[in-house]
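2 protein chains.
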Amino acid sequence: MKREKEIFEKFLSDQHLRDTRQREMILEAFLQREEHVSAEDLYGLLKKKGPAIGQATVYRVMKLLVEAGLVREVDFGDGVRRYEHCYNHPHHDHLVCRGCGKTVEVVDPVIEEMQKKVAESHDFELTDHEMYLYGFCADCRNKSAK
Amino acid sequence: MKREKEIFEKFLSDQHLRDTRQREMILEAFLQREEHVSAEDLYGLLKKKGPAIGQATVYRVMKLLVEAGLVREVDFGDGVRRYEHCYNHPHHDHLVCRGCGKTVEVVDPVIEEMQKKVAESHDFELTDHEMYLYGFCADCRNKSAK
DNA sequence: AAATATATTGAGAATCAATATCAATATATG
DNA sequence: CATATATTGATATTGATTCTCAATATATTT
C-alpha cells in the first residue's frame, strides 16, 4: 500500500475519524495527478469513474488531507484554491508564467534563510510562507516577439 | 492638489477616459486610508459620506487605479482582494500574523536579488512577485502562553 | 447481534466576492 | 447643437466554497 494511504489512515484513526470509501477514493484520485489540482478538478475526475462523490465531500476531504500533512494549498491568484503533493515533495515555491500559466517549482536556500531572519527581526515566529514569482517564460517571450 | 490625483487625471486623459466625480471620490477615499482596504470596505465608507456610489463602480475604479500604478493588489489568502498604496510606497512584502491578522511591511534586498537570479536561471523574465511570510507576532505568542 | 451513539455523506440551498448586463445619464467632440 | 462615446448604478449572474440537514454508514455498548 502506498505510504500516503497509511499516513492518512493513521491520521484518521488518531483523530477518531473514520476511514471511508469516499476518503480513500479522493486521496487516490489526488495521488494519481502530478500537477496542481482544484477540488473541482478532482470532483470532475471522480464523477467520470464511478458512482459520484458529492462535491462538498471533496472539499471537506481536501481539508483533511491538508491537516494530515499530505497536501499543500497553493494560490496563484485566480480565485481557485489548488492543491499539490506534500509527501516526498519537499517545500518549494513557484515561478508562474503570466503568459501560459506554466509553473516551475523552485527553492533557494539563501531566500529561505533570509526569510527567517526578516521574521526574527520583527519578532515574528515564522510558521510558513508563500512566494510566487511571476513573469514570462522563454516560450511565451518568443511567441509574442513574432 | 495631491500628486496622486494629478497622476490619475493624466492617466485618464492619456487613455481617453473621463475624469468623473465617482472616480475622484473613490481615489480620495482610498488615499485617506492608510491600511489595506477591499473594494467592499471603500464602498461602505463612501456610502456613509454621501450619495451612494454603486459598488460595481468601486470595483471598476480600483482596477483603473491599479493600471495607473497608484495601487497594488494584495492577497492574504482569505478570499478578499485588498489594495495598498503604491505611490511613494516602494515595493515591499508582508509579514502576516496568523493570530491577529496584523501585517508588517518588509523588504530584504538579498531576497529581491535572489528572486531575480532564480527567475533567470529558469529563463523567466520576472515581472513581479508576491511573498507572504506567515507566523505569530510577539503579542499573540504571549497571549497564548498564558 | 441488537441497540445506541456518533460520524459521514450528498443534494441542494446559501454565501460572498467579483463580474456582466443594460438602460439611463453624463461627457466630449465635430 | 447634434452625435458619438463613455460612465454609471441597479440588478442579475457567475463561480468557488461552505452550510444545512435528513438519510446513511460506522463504531461502541449492552
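Those sequence lines, one after another, are chains W and L.
Going letter by letter, the first sequence gives residues 4 to 149 in my numbering.
Going letter by letter, the second sequence gives residues 4 to 149 in my numbering.
Every residue gets a Cβ at the ideal spot worked out from N, C-alpha and C, and that includes glycine.
Note that the structure is a prediction, hence the values are computed from the model and not measured.
*Run down chain W in chain order and give the residues with a C-beta less than 9 Å from the C-beta of M117 of chain L.*
D111, V113, I114, M117
*Interface residues of chain L around D126 of chain W at Cβ under 8 Å?*
C140, A141
*Can a CB atom of chain L be found closer than 8 Å to the CB of D131 of chain W?*
yes
*Who does F127 of chain L pair with in a DSSP beta bridge?*
Note: F127 of chain L sits in no beta bridge, so no partner.
*By DSSP, does D81 of chain W sit in helix, in strand, or in coil?*
coil
_Using a Cβ-based criterion (distance less than 7 Å to any ligand heavy atom), does R21 of chain W qualify as near the ligand SAH?_
In terms of ligand content, the structure shown is empty, and the ligand SAH therefore cannot be addressed.
*Reference E108 of chain L, options L:E123, L:K119, L:H88, closest by Cα*: L:H88
*By Cβ distance below 8 Å, which residues in the same chain neighbour L30 of chain W in space, the five residues on each side in sequence not counted?*
E7, K8, F11, V64, L68, L73
*asked:* For a minimum of 3 consecutive residues, which ranges assigned as the beta strand (DSSP E) are wholly contained in the stretch 53–116 of chain W?
replied: 74–77, 85–88, 96–100, 106–109
*Taking just the CA atoms, how far does Y62 of chain L sit from A32 of chain L?*
13 Å
*asked:* 8 Å is my cut-off, CB to CB: does M134 of chain W come that close to chain L?
replied: yes
_DSSP bridge partner residues for V40 of chain W (one or two, in chain order)_ = W:Y86
_Determine whether the beta carbon atoms of C140 of chain W and D131 of chain L lie at a separation below 8 Å._
no
*Any Cβ of chain L within less than 8 Å of the Cβ of A148 of chain W?*
no
*asked:* Can you pull out the residues from the stretch 62–79 of chain W whose beta carbon lies closer than 7 Å to at least one beta carbon of chain L?
replied: D78
_Can you give me the C-alpha to C-alpha distance between Y137 of chain L and V77 of chain L, rounded to a whole angstrom?_
14 Å
*Integer-rounded CB distance, given that L98 of chain W should sit under 8 Å from A71 of chain L*: So it is not a contact: roughly 28 Å between Cβ atoms.
*Distance between beta carbons of H39 of chain W and T106 of chain W, contact taken as under 8 Å*: 7 Å
_L136 of chain L - DSSP class collapsed to helix/strand/coil_ = strand
*Can you tell me which of the three DSSP states D22 of chain L falls into?*
coil
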